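Residue numbers (the working numbering): 331 to 432. Note that beta-carbon positions come from the ideal geometry of N, C-alpha and C, so glycine has one too. Since the model is a prediction, treat every value here as computed from it, not as a measurement. Worksheet: the structure to be examined is printed underneath.
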């Protein structure tokens with residue numbers, strides 16, 4: 331069952347460490363309070379409900395984006411929004427799981 335979810339969220343085939351080395355940015359879409367409780371060093375906190383209003387700012391970075399959250403659900407929604415607006419985006423899933431892979 332976990333293989334199904336890994337494929338669904340596209341985490342199995344993505345080399346996140348390589349993406350970060352190549353300049354991808356990590357956007358943590360949890361609330362500010364959740365982010366303060368722990369996050370990946372160097373990540374940016376843009377809560378999911380603010381993603382649409384920050385699209386121009388994110389596009390100016392001209393870098394691929396890896397979205398993270400607590401479980402992978404909100405980051406999946408953020409990834410969809412970013413992709414629909416012409417950005418290169420990946421769902422990194424749970425921030426603490428991705429942190430261990432980097």
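Selection 423, 430, 432 and 431 evaluated against residue 360 yields 423 as nearest (Cα-Cα).
Judged by beta-carbon spacing, residue 395 lies beyond the 8 Å limit of residue 378, meaning their Cβ atoms are not closer than that value. Non-local beta-carbon contacts of residue 429 in its own chain, meaning distances under 6 Å to residues more than five positions away in sequence, involve 370 in chain order. For residue 376, the secondary structure class from DSSP, reduced to helix, strand or coil, is coil. Per DSSP, reduced to three states, the secondary structure at residue 345 is coil, with no helix or strand assignment. If you draw a straight line from the Cα of residue 412 to the Cα of residue 389, it comes to about 9 Å. In the DSSP assignment, residue 420 is bridged to 396. Each residue's CA atom was taken as its position, placing residue 426 and residue 399 some 9 Å apart. Listed in chain order, the non-local C-beta contacts of residue 352 below 8 Å within the same chain comprise 394, local neighbours out to five positions each way being set aside.
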